[in-house]
Amino acid sequence: MKRKPALPGPTDSWREITPGGTIRGGASAVFFKTGDWRTWRPVWNQEACRQCLLCFPVCPDSSIPLAEGKRTDFNFNHCKGCGICAEICPVHAISMIKER
Amino acid sequence: MNVNFKTLMEREERFSGGHRMCAGCGAPVAVRAIMRAVDPEDRAVVGCATGCLEVSSFTYPYSAWTDSFIHSAFENAAATISGVEAAYESLRRQGKVSGARKFITFGGDGGSYDIGLQSLSGAMERGHDMLYVCYDNGAYMNTGIQRSSGTPRYADTTTSPAGKVIPGKKQNRKDLTQIMAAHNIPYAAQTTLTANFKDLHEKAHRALGMKGAAFINVLSPCPRGWRYEAKNLMQICKLAVDTCIWPMYEVIEGDWILSYEPKNKLPVEDYLRSQGRFKHLFTSGNEGLVESIQKQVDRDWDLLLKRCKY
Amino acid sequence: MNRKSCLSGNEAVAYAMKQINPDVVPAFPITPSTEIPMKFSSYVADGLVDTEFVAVESEHSAMSACIGSQAAGARTMSATSANGLALMWEMLYIASSFRLPIILCCVNRALSGPININNDHGDSMGARDAGWIQIYSENNQEAYDNLIQAVRIGEHSEVQLPVMVCQDGFITSHAVENIELLDDMTVKDFVGTYRPVNSLLGNESIAMGPYESADFYIEHKRQQAEAIINAVQVVAEIGTLYAELTGRPYGLIEKVSMDDADYALVVIGSTAGTSRAAIRILRAEGIKVGMIKIRVYRPFPEAEVAAALEGVTAAAVLDKAEGLSGTGGPLYADVCTTLHRHRNNLFTRNFVYGLGGRDVKVSDIIYVFREIARESADPGNMQRMIPYRYLGVRENTHPGEQT
Amino acid sequence: MNSTIEIRWHGRGGQGTKTASLLLADVAFHTGKYVQGFPEYGPERMGAPITAYNRISDEPITIHSNIDKPDIVVIVDETLIGAVPVRAGLKGRETILINSSRDVETLRRSLNGFSGELFIVDGRRISEETIGANFPNIPMLTAVAKACGLMTDSEFVEFMKESLGRKFSGKTQIIEGNLQAVIQTLEELRS
């Protein structure tokens, strides 16, 4: 995970925020949490998973990280619990449960 | 060039999580697939028209784009990125900038079919070395589901409501892909999200590999606006393709090539029944509307088959 | 008979449009005005109006279609905000030069960049030189009343100019408040039927939009200027007629507790409501404060503002738009011109506030009054030129309050 | 000015929080009050946190600004506690209404020992039992209307029957379900 750069914040004075609203350093959104939007939560059954990776590209929130070509558990910072991955998994290795 | 599916998935993500699209939105799935077609060694500069994708993917100070990104207004995404491409041509010629760049700009159907059509047509006609991708979600979703010329006929939107007198959008959908093909640009294509993303990937990769202007239209379902359960995204895309409501094809240097013909073509009703925006087509008083849609889709499909010299 | 109800600003304006029943409404969606064409298109879909609703592909085409339609003798209305108004900018000038009384609901929103969907007056202030009459509303009742009056004002034979009826995006457009609605017949009679001076569809053929050499252009601008000057009188007349009908008086400005005021606020839009509460609190403390709410900004009601500021010690002018002249906001410029021409050298301070939806509280208004009272008490300040200031901007970082 | 009740709602996009605040304004309007109902807007996405406000008064309300010292805070989605400053501006004498199935002690702890009045409404369960979907806005509206003392229980049920009838004319199943949600909420609040 990239080290969190010093991003301008909602309490910074007008002198501190970046001129013109221009942001440097690429995808800073990784540091913004959207996980709390969930009302449902995906559960990944590692044993049942055949690592076919079909779930990887259907995730709208890039929340299925890969390591050495294998999928790992969801990135719950960003997953919004939409359930698309669970719906398409050919071996039903992903199930949806109600968020706590 | 067919890099296999798994190796492709391992490419560094160019569209991160942390954006604010609705849960289950089709657009970011399309965007990730397009950006995945940029070869790892190439750097991209991405443009975007105002819309759901833009306001959700760059809310200060959070950008979801790993590559450089610029949004300026709603009607000028293609014009804006054509300026970036022109700068690259000039600075590269003068030796002030080096290394390959891929210029890609995204727009919704409103931003591409309607308010942005003039600047899109201009950029395509001028032949800038760029790829314009329309994520077609069938209405102005960012402002709350208003009809666009990309909205299917009879669809219920908030400015073409299914009323007592008028059953939703009166007009037929504008076929932007064919309009772009008519610009005689090197590449124009229509696709959507399929299980292995092969069709979308190959088209994006082919477009990015070609010199000059390219256009790809990607059907990107919107659960909120189309009123279906978000988890059914891929099934909705499949229905759109298997009913031939959203044919997949490409036009390479003027050659029309069909990408997919469904083994058994499904009736449009299967697609229409899957979404709340067409619910009123199945109520009394609106008989015959589904039939007229079927007729229109079949006519368009036959025309396409002819064009693709079937 | 009038009907009490509870509506948002957008709903109130869409309802007024239904009662006015215009012939053509070209519209394009943009937050926060979208609810107006949304609501109105449901009236169209249910056959409740005779209007031809044109879902154009951009705001530039919306105003172009309005011009074509009004020029063809049809009463024409539209609605937009911020960048939408900016995209109409070229056509706004043409509409007013053609002397076409198009009625536009402008739901005020910040102009890009950066892009922001919340309220300020940068959009309509940006179009203040386009030759349109600009009427601002403090709340949904005024938005409703102003729109009905705007039709009579624009179409008046001495005026024949387009009218922009503004209300604050989200703050009033999306806020539900009590409102009193007129019945359909009363509105229908008040606006009457539109009798165009010229029409492309009339028996006699006409031609509009000539090329004009130097021989005529400046004369036409002088003519257009006469119309906007006439509007000052016409707006007041129509306001009186409307007051007789509804019991709600409308003038060019509204004075609140100004009779004996030492310190005055000059303000436009929904913040005038928040200021009423501040005035009540300070008056209770014995501080003589008052407010001048500018209802009609174009044409600028110079005489009324000059008279209202007579005898005031200090005035704070609140601009919800940054004119980026480097010397203060657009309203401040107009107020200072008025004071200069009327040789009134009272102490003035300009505050730019509320940009991009920054919330403005009663306490902020109280702060403004105390600030001008304090600063005008120091004679040194009377001569010194005090630069314009921002209200409610973070001057320094508060690391502690990271939420 | 103290005759004005100021209310702040916390919910998520798509949960009906904005609709509930507008319905509350409608209820208060029909009891002859002056009202305001308004959402705090940003690009609202399904699931993203949103805030909505109400002012209810005996005199005309002219203030046009957000509410930062509410008399009542309504938390329609309890997962917002900790994610959004739901207790901002509270001094401990006010009322918090929360849609939750947890008990008072746990909730007070999660609200950092809030000492004011705490009403709990299991909006999810009530709405699922009555309209078959987790749409807590009618139970929450009922609880807030009661907390504001706008009408007696029976007057409120009557009012909702008429207003639901207007809104969902002909869809008796929806009207009955929502009416049942109102009645059940009132019963549970009494106990």
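Residue numbers (this note's numbering), protein chains in the order written: chain Y, 31 to 130; chain U, 52 to 361; chain P, 31 to 433; chain W, 139 to 329. Ideal Cβ positions, reconstructed from N, Cα and C, are used throughout, including at glycine.
At a cut-off of 7 Å, the C-beta of Ser93/Y has no neighbouring C-beta in chain P.
Less than 7 Å divides the Cβ of Val282/W from the Cβ of Leu235/W. When DSSP states are grouped into helix, strand and coil, Ser88/P belongs to the coil group. Between the region 102 to 113 of chain P and the region 129 to 139 of chain P there are three or more inter-stretch CB-CB distances shorter than 8 Å, so the stretches are counted as touching. Boundaries of the beta strand (DSSP E) harbouring Asn237/W: Thr233 to Asn237, taken from the DSSP string.
With a cut-off of 8 Å on Cβ pairs, the region 170 to 182 of chain P is not in contact with the region 149 to 159 of chain P, counting fewer than three such pairs. Linking Cys109/Y to Arg388/P through their CA atoms gives a straight-line distance of about 31 Å.
Just so you know, the alpha carbons of Ser92/Y and Thr169/W end up roughly 50 Å apart.
If you draw a straight line from the Cα of Phe109/U to the Cα of His179/U, it comes to about 25 Å.
For the region 207 to 222 of chain W, residues whose beta-carbon sits nearer than 7 Å to a beta-carbon of chain Y comprise Thr217 and Ala221. Judged by DSSP secondary structure, Lys305/W falls outside any beta strand (DSSP E) and instead within the alpha helix (DSSP H) spanning Asp291 to Lys305.
Of all residues in the region 182 to 203 of chain W, the ones placed with a Cβ closer than 8 Å to any Cβ belonging to chain U are Arg183, Met184, Gly185 and Ala186, in chain order. Judged by DSSP secondary structure, Cys115/Y falls within the alpha helix (DSSP H) whose first and last residues are Ile114 to Ile118.
In the displayed model, Asp241/W falls within coil according to three-state DSSP, outside both helix and strand.
Under the Cβ criterion of 7 Å, Glu87/P is counted among the residues facing chain U. Residue-level contact by beta carbon fails for His122/Y and chain U, as no gap is shorter than 7 Å.
Using a Cβ distance threshold of 7 Å, Tyr174/P and Ala261/P do not count as a contacting pair. The region 89 to 103 of chain P and the region 174 to 194 of chain U do not touch, with fewer than three beta-carbon pairs separated by less than 8 Å. The region 200 to 258 of chain P is shown to contain whole beta strand (DSSP E) runs of 3 or more residues at 206 to 211, in chain order. Residue contact with chain Y for Val423/P: present (Cβ-Cβ distance below 7 Å to some residue of chain Y). The three-state secondary structure of Leu421/P, taken from DSSP, is coil.
In this chain, the beta strand (DSSP E) harbouring Met126/Y covers Ile124 to Lys128.
Comparing alpha-carbon positions, the option among Thr61/P, Gly77/P and Arg158/P lying closest to Asn193/U turns out to be Thr61/P. The C-beta distance from Ala92/P to Phe128/P rounds to 16 Å, too long to meet the 8 Å contact threshold.
CA-to-CA, the gap between Glu188/P and Gly219/U works out to about 42 Å. Per DSSP, reduced to three states, the secondary structure at Arg182/P is helical. Here the C-alpha atom of Ser335/U lies approximately 12 Å from the C-alpha atom of Val341/U.
In this structure, Ala115/U and Ala59/Y form a Cβ contact; the two beta carbons are roughly 4 Å apart against a cut-off of 8 Å. For the beta strand (DSSP E) assignment, the uninterrupted runs of no fewer than 3 residues enclosed by the region 66 to 112 of chain P are, from N- to C-terminal side, 82 to 85 and 107 to 110. Within the region 242 to 261 of chain U, the residues whose Cβ lies closer than 8 Å to some Cβ of chain Y are Leu244, Ala246, Asn247 and Phe248, listed in chain order. Those residues of the region 310 to 327 of chain P placed with their C-beta closer than 9 Å to a C-beta in chain W are Arg310 and Ile311, ordered along the chain. In the structure shown, the three-state DSSP call for Tyr280/P is coil. Here Thr189/W carries a strand assignment [DSSP, helix/strand/coil]. Straight across, the Cα-Cα distance linking Glu352/P with Gly359/P is about 5 Å. Ile236/U sits away from Ala255/U, with the two beta carbons spaced by 7 Å or more. Here Asn146/P is not near Ala42/P, since their CB atoms are 7 Å or more apart.
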